[in-house]
Amino acid sequence: MNKTKQFLTLFKFQATTNPFIFFLLFGFDAPLFIPYLLGENIGNYHASLSSLLFVQNLFMLALAGLFILAPEMGSPGANNPMAAGTDFLLTRAIDRPILYRARVAFLYFLVLVIPLLNLAYTLRNPGLMVTEYSKVAQQLCLHFVPGTSLVPDPSGNRWPLISMVNGNVLIESWHVWIFAMATLAVQPVLLLLYPLKHRLFIFYALFVGAIFGMLFFQFHHLRDSMPSFTERLFFAFAAHTGLFWVFTVLIFMGIQFLCERRFASMEQ
Amino acid sequence: MMNEPPILVQNVSRSFDGPPVVKNLSFSIKPGSIYGFLGRNGSGKTTTLRMLAGLIKPHAGEVRVMGNDPFTIGATERQWLGYMSEKAMIPGFTHVRSVLKLGRELYPAWDSALAESLLAKYDLSPRKRFMSLSQGQQRLLGFIMAIASRPKVLLLDEPAANLDVVARREILDDILQLIRECGCTVLFSTHILSDVERVADEIGILAHGNLRVSETLDSLKDSIRQVRFFDFGNGSLPADIPESFRTVRGKGEVTMTLRTNALTTPETLAQRWSCQQETRALSLEDIFVELSRN
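Which chain is which? The protein sequence lines are A and B, in order. Using my numbering, the letters of the first sequence map in sequence onto residues 1 to 268. Using my numbering, the letters of the second sequence map in sequence onto residues 1001 to 1294.
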């Protein structure tokens, strides 16, 4: 049986195994999606650049990755509905790497579908005006983000607004990229933890650590009023979007190659 | 290799963070035969089957299925290997029809008519989710998935567990039917000795990770005897002998579960030890109990 047919069969099968995954991912994407439903983000103005860039529930990706890429790691019970039957699938007529590839594709599909829809939606209204109180961030934005200028705030606020010609598109591209990168990071972490005896405990320790780590970085940034790491990264992304995507694709191919090989050689 | 048996296990050992679960295990299964794998809980049956199914690797020795290492084989070779695990590991929310569709799409030789007829026979609704099936029905679905791909080698881990007598009989009949139709080689593990007696051509008894015997049922029943030696002329009890699986010493007597052969018969032993002997033929259950005890 050819690999494409195997891949499609396994990809479709993933979708039937656990409906909760859809709820989880919808919940995860909802903070991005709801403002669009309410008509807030499609406007041309947003009160804070940093809050636009920061995705507070990025850590949820780790859970989605766990349930899709290594379900037996989190729920080994035979009759547990969350168990995705890795034993069962690995003993069918498949090539081991194809199962992992299908799971990865399913994870990316679920993670990226809403950010990509959002991106498509912003094409209708690409322009954005945003408030940025940090002078340094303001200057970096003007320097790195193409099509930006300072305009007076029409509401009379003494802080000028940053106008970005394709601001909404850029922000949504950023979201797509940050989700893709986070998903990329989840893959090797799960496979590195997989053979360990206390893998689930270590996973949740890292998971909780990541949540507090992100909060810490946000508060740290608020205290010193300098551009956060996220903002700096965004400016670099805006200046070299094409390059970022090229590197992302290359990293993805490398990680995917290594993870498929590792998955194929791992015992269940 | 052309002459290699479909299932070959050579000097295999495997452990899980502790003492070996399987120790220096060796056996092979002839094409088209049914091999019954007997053993108590924790004796290493499932570990052996998981190695043969390619889910885990042996730490020493090698396992080969149809001439290949089952851990590294791809889709093409796996088409001919049917496996039913001890635990039903099909995702709970999956509908029965989705599971069958998976089989249909992955196996070129998938026998839809057989799958449908078995579904009807076992009264399994395609619209039900896997988790809503009883444990017995879950096993039956696992069996259908293993058998409807028309495998050349079929590995069944406790196929009759949680099944009622009727379903158990039907599964055994279906295995026999499959063998009649396509000469499939079957390895199945079980606790149920009557199942083994009903269908197995050869039997392996695994105890504490060691394969105690591996031979045909008739040969096993013919060669293993329980012998009580008593009235020792010199008053002292004999030392243990290699042919004895189990030796129980009593007051002035020794009871041995022996493998007899042309040289070692109860009579020759009684003559050597200057004593009387009393021989008892053993049923499969007796043999299993004797060989599985510590």
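From the three backbone atoms N, C-alpha and C, an ideal C-beta is built for every residue, glycine too.
**Prompt:** Does the beta carbon of D153 of chain A sit closer than 9 Å to a beta carbon anywhere in chain B?
**Reply:** Chain B, which has no Cβ nearer than 9 Å to the Cβ of D153 of chain A, makes this no.
**Item:** Residues in the region 1015–1040 of chain B having any Cβ partner in chain A nearer than 8 Å
**Value:** D1017
**Message:** Whether or not the region 228–243 of chain A and the region 138–151 of chain A are in contact is what I'm after, with contact meaning three or more pairs of Cβ atoms, one per stretch, closer than 8 Å; do they touch?
**Reply:** yes
**Message:** Rounded to the nearest angstrom, what separates M1051 of chain B and V1153 of chain B at their Cα positions?
**Reply:** When rounded, the separation of the alpha-carbon atoms in M1051 of chain B and V1153 of chain B is 14 Å.
**Asked** Can you check whether the CB of V1186 of chain B is closer than 9 Å to the CB of Y1083 of chain B?
**Response** no
**Asked** What are the residues that DSSP puts in a beta bridge with I1224 of chain B?
**Response** Its beta-bridge partners are B:R1259.
**Asked** Of all the residues that make up the region 1047–1069 of chain B, which are near chain A by a beta-carbon distance shorter than 9 Å?
**Response** R1050, A1053, G1054, L1055, I1056 and K1057
**Asked** Under 9 Å between C-beta atoms, does E172 of chain A make it to chain B?
**Response** no
**Message:** Measuring CB atoms only, is the region 106–113 of chain A touching the region 172–186 of chain A, in the sense that at least three cross pairs come out at less than 8 Å?
**Reply:** The region 106–113 of chain A, when compared against the region 172–186 of chain A, does touch it at the 8 Å Cβ threshold.
**Request:** Return no unless some Cβ of chain B is closer than 9 Å to the Cβ of A78 of chain A.
**Result:** Residue placement at A78 of chain A is poorly supported in this model, since its pLDDT is 43, which falls under 50; the coordinates still yield a value, given next. Taking Cβ atoms only, chain B reaches closer than 9 Å to A78 of chain A, which makes this a yes.
**Asked** In whole angstroms, what separates the C-alpha of L170 of chain A from that of Q1138 of chain B?
**Response** 50 Å
**Message:** Please report the distance separating the alpha-carbon of D1222 of chain B from that of L1008 of chain B.
**Reply:** 25 Å
**Request:** Could you confirm whether any beta carbon from chain A is found closer than 9 Å to the beta carbon of A1161 of chain B?
**Result:** no
**Below-9 Å beta-carbon distance, V1009 of chain B vs any chain A residue** = no
**Message:** If you measure between the beta carbons of E1290 of chain B and T1257 of chain B, is that distance less than 9 Å?
**Reply:** Going by C-beta atoms, E1290 of chain B is nearer than 9 Å to T1257 of chain B.
**Item:** Closer than 7 Å at the beta carbon, the chain A residues around R1074 of chain B
**Value:** Note that residue 1074 of chain B is Gly in the sequence shown, not Arg. The contacting residues are D95.
**Prompt:** In or out: H198 of chain A buried (at least 16 other Cβ within 10 Å) or exposed?
**Reply:** exposed
**Request:** Return yes when the Cβ of S1189 of chain B is within less than 9 Å of the Cβ of L1156 of chain B, no when it is not.
**Result:** Yes, the pair counts as a contact, with Cβ atoms nearer than the cut-off.
**Request:** Taking R1249 of chain B as part of the beta strand (DSSP E), name the residues at either end of that continuous run.
**Result:** Taken as a continuous stretch (DSSP letters only), the beta strand (DSSP E) holding R1249 of chain B covers S1244 to G1250.
**Prompt:** chain A partners of R1078 of chain B, CB-CB under 8 Å?
**Reply:** T91, R92, A93 and I94
**Message:** Give me, in chain order, the residues of the same chain whose beta-carbon lies closer than 7 Å to that of P195 of chain A; leave out the 5 immediate sequence neighbours on both sides.
**Reply:** M266
**Request:** For I255 of chain A, decide whether its Cβ has a neighbour in chain B, counting only Cβ atoms nearer than 9 Å.
**Result:** no
**Message:** Using 8 Å as the cut-off, can you tell me whether the region 1096–1115 of chain B makes contact with the region 1126–1133 of chain B, which would need three or more C-beta pairs spanning the two stretches below that distance?
**Reply:** yes
**Request:** Buried or exposed for G77 of chain A, please, with buried defined as at least 16 other CB atoms from any protein chain shown within 10 angstroms of its CB.
**Result:** A caution first: G77 of chain A carries a pLDDT of 49, below 50, which makes its placement in the model unreliable, though a value can still be read off. G77 of chain A should be labelled exposed.
**Item:** Test item: CB-CB of G1183 of chain B and G1039 of chain B under 9 Å
**Value:** No, they are not a contact pair.
**Asked** Under 8 Å Cβ-Cβ, which residues of chain A neighbour M1256 of chain B?
**Response** Per Cβ cutoff of 8 Å: no residues; M1256 of chain B is ~41 Å from chain A at best.
**Request:** Measure the beta-carbon distance from A62 of chain A to F207 of chain A and round it to whole angstroms, keeping in mind my assumption that it falls under 8 Å.
**Result:** 5 Å
**Prompt:** How many Å lie between A210 of chain A and F59 of chain A at the Cα?
**Reply:** 7 Å
**Request:** Could you tell me whether any Cβ in chain B is nearer than 9 Å to the Cβ of I202 of chain A?
**Result:** no
**Asked** With respect to the alpha helix (DSSP H) encompassing D1173 of chain B, which residues constitute its N-terminal and C-terminal limits?
**Response** V1165 to C1182
**chain A within 9 Å of P1108 of chain B, Cβ atoms only** = yes
**Prompt:** When DSSP builds the beta bridges, which residues end up paired with R1280 of chain B?
**Reply:** B:Q1226
**Asked** Does V1012 of chain B come within less than 9 Å of chain A when only Cβ atoms are used?
**Response** no
**Best match in A:M73, A:Y100 and A:F212 for proximity to N57 of chain A [C-alpha to C-alpha]** = A:F212
**Asked** If we count Cβ pairs, one from each stretch, closer than 8 Å, do we get three or more for the region 1226–1234 of chain B versus the region 1265–1283 of chain B?
**Response** yes
**Request:** Kindly indicate if chain A contains any beta-carbon less than 9 Å away from that of T1247 of chain B.
**Result:** no
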